[in-house]
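**Q** If you scroll down you'll find the structure; I have some questions about it.
Residue numbers (the UniProt record's numbering): 1 to 336.
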């Protein structure tokens with residue numbers, strides 16, 4: 001069974017991006033209480049790592065490594081740079097007009113440089129994140145380089161043993177919840193790569209054809225939604241990570257199954273299309289302040305959500321599509 005486009009995974013990615021947006025939006029309006037809706041959206045970021053490991057193992061299992069690195073830069077860096085610049089501009093505007101400024105460090109040229117060079121999580125000193133959601137982009141970039149170098153070269157059993165060992169180590173040393181570090185990105189993307197390997201095994205494809213497996217995947221989705229909505233940092237984080245694994249196979253289910261239809265519904269496909277800019281640009285909408293009224297929580301959330309989706313669509317449709325296409329074209333022309 002060969003799947004060339006993971007539409008359901010894209011739809012799932014879009015829904016998770018919205019959960020991160022809602023978590024930050026609700027927190028900025030009503031406060032950062034652990035009782036707020038979507039407080040567990042940090043788990044969505046771990047899910048992003050797993051999905052990236054899965055999709056990148058499919059798309060970049062072979063080919064020139066340097067071109068692969070440049071392609072990853074072309075995918076991640078432009079929006080990372082643009083969103084960081086936009087945040088600095090908005091913070092400067094807020095500074096002059098009495099608005100919110102997270103820290104004066106956001107105006108430091110050195111801090112700006114560290115932000116755009118993907119140093120978060122790999123640099124030996126902590127520094128201020130100008131665009132808070134960008135922490136995961138740095139980790140994803142560096143670990144994604146291991147996919148053609150290591151993940152797609154290792155024996156399946158060795159990969160399973162490595163992922164299990166690191167997962168147990170995280171569980172042992174970080175019992176207060178999954179940490180936002182390189183180890184988490186490593187094991188998550190390795191799990192995604194293992195999931196892709198499973199789709200190449202005949203016995204597993206036969207298992208996916210069982211009607212009860214689709215029910216199991218639907219149940220896994222419900223469990224993950226509960227975690228994203230209400231989970232707080234504790235040892236249950238690891239349970240919710242494991243619960244997400246069955247969802248990686250949704251594109252290999254019968255297209256008539258309920259869960260496949262849900263995740264490939266046009267609205268979710270649209271959210272998947274704008275998921276990356278939605279993830280990195282929503283913070284600029286939040287800190288702008290003037291785009292929504294704080295005296296009405298409902299109106300503030302609806303307006304912030306609507307504006308964030310609109311901004312993400314504009315970027316995806318009129319900037320990202322053409323920019324990424326151009327950069328990929330230039331990379332392909334390189335004489336190596």
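Idealized CB from N, CA, C, for every residue including glycine.
Applying the 10 Å Cβ sphere with the 16-neighbour rule, what's the burial state of residue 296?
**A** exposed
**Q** Would you give the residue range spanned by the alpha helix (DSSP H) that residue 174 belongs to?
**A** Residue 174 -> no alpha helix (DSSP H), and no H or E assigned at all.
**Q** Examine the Cβ distances between the stretch 149-168 and the stretch 179-198 and report whether three or more of them are shorter than 8 Å.
**A** The stretch 149-168 is in contact with the stretch 179-198.
**Q** Please classify residue 242 as buried or exposed, where buried requires at least 16 other C-beta atoms within 10 Å of its C-beta.
**A** exposed
**Q** If you reduce the DSSP assignment to three classes, tell me which class residue 184 lands in.
**A** helix
**Q** Find the nearest neighbour of residue 220 within the set 202, 212, 246, 231, judged by alpha-carbon distance.
**A** 246
**Q** Spatial neighbours of residue 24 within its chain, please: CB distance less than 7 Å, with the 5 preceding and 5 following residues excluded, ordered by chain position.
**A** 282, 283, 286
**Q** Within the stretch 54-114, note down every full beta strand (DSSP E) run reaching 3 residues or more, in order along the chain.
**A** none
**Q** By Cβ distance below 7 Å, which residues in the same chain neighbour residue 38 in space, the five residues on each side in sequence not counted?
**A** 19, 22, 23, 26, 228, 229
**Q** The alpha helix (DSSP H) spanning residue 203 covers which residue range?
**A** 202-208
**Q** Determine, using beta-carbon pairs with one atom in the stretch 111-131 and one in the stretch 33-51, whether at least three such pairs fall under 8 Å.
**A** With a cut-off of 8 Å on Cβ pairs, the stretch 111-131 is not in contact with the stretch 33-51, counting fewer than three such pairs.
**Q** When DSSP labels each residue in this structure, what does residue 141 get in the three-state scheme?
**A** helix
**Q** Could you tell me whether the stretch 230-237 touches the stretch 266-279, where touching means 3 or more Cβ pairs closer than 8 Å?
**A** Touching, no.
**Q** With DSSP as the reference, label residue 120 as helix, strand or coil.
**A** Residue 120 falls in the coil class under three-state DSSP.
**Q** Residue 10 by DSSP, collapsed to three states: which one?
**A** helix
**Q** Within 10 angstroms of its Cβ, does residue 131 collect 16 or more other Cβ (buried), or is it exposed?
**A** buried
**Q** Contact between the stretch 134-147 and the stretch 44-59 is defined here as three or more beta-carbon pairs at a separation below 8 Å; is this criterion met?
**A** yes
**Q** Please report how far the alpha carbon of residue 90 lies from the alpha carbon of residue 102, in whole angstroms.
**A** 11 Å
**Q** Using a Cβ-Cβ cutoff of less than 8 Å, which residues in the same chain neighbour residue 214 once the five nearest sequence positions on both sides are dropped?
**A** 253, 254, 257, 258, 259, 260
**Q** Out of 274, 84, 199, which has the shortest C-alpha to C-alpha gap to residue 16?
**A** Among 274, 84, 199, the Cα nearest to that of residue 16 is on 274.
**Q** Going by C-alpha to C-alpha distance, which of 171, 136, 223 sits closest to residue 182?
**A** 136
**Q** Keeping to the same chain, check which residues put their C-beta closer than 6 Å to that of residue 94; ignore five residues upstream and five downstream.
**A** 100, 101
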